[in-house]
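Student: Before we start, here is the structure in question, set down as structure tokens.
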Amino acid sequence: MAKTARRKPGLAIKASLYDALSKLAKKNGQTRSFLLEKALEHYLQVVVPSESTVRPQVMEHFRRSVDKNRELHRLLAR
11 MAKTARRKPG
21 LAIKASLYDA
31 LSKLAKKNGQ
41 TRSFLLEKAL
51 EHYLQVVVPS
61 ESTVRPQVME
71 HFRRSVDKNR
81 ELHRLLAR
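Residue 11 is where the sequence shown starts when you use the numbering used here, and the numbers rise one by one after that.
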């Protein structure tokens, strides 16, 4: 297996998070680095994309609400 390029970031995190990470790593027989990499991968692949898009059903509800309340919005804008 080819080696993956690595970087060593100097991270300062909450002591309580570090302690929880260390306990979990020890319990599962994993390294802290492995767990941090998995957490970052999940954040970048799942969380970030979902925060930048709105679910279609949410937008549909929003548009219906705007249409339904258009006259009220016009009156309030006066």
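Where a beta carbon is used, it is the ideal one built from N, C-alpha and C, also for glycine.
Just so we're clear, the structure is a prediction, and the values are computed from it rather than from any experiment.
Nearest-angstrom Cα distance between T14 and V64?
Tutor: Position 4 of the sequence shown, counting from 1, holds the residue named residue 14. Position 54 of the sequence shown, counting from 1, holds the residue named residue 64. Whole-angstrom Cα-Cα distance: 34 Å.
Student: Go to R42, then tell me how far its alpha helix (DSSP H) extends in each direction, as first and last residue.
Tutor: The residue given as residue 42 occupies position 32 in the sequence shown. Counting along the chain, the alpha helix (DSSP H) containing R42 begins and ends at 42-52.
Student: If you follow the alpha helix (DSSP H) that P59 is in, where does it begin and where does it stop?
Tutor: Position 49 of the sequence shown, counting from 1, holds the residue named residue 59. Residues 58-61.
Student: Suppose you measure from the CA of H71 to the CA of K36; what does that come to, to the nearest Å?
Tutor: Translated into the one-based positions of the sequence shown, residue 71 becomes position 61. Translated into the one-based positions of the sequence shown, residue 36 becomes position 26. Cα to Cα, the separation comes out at about 46 Å.
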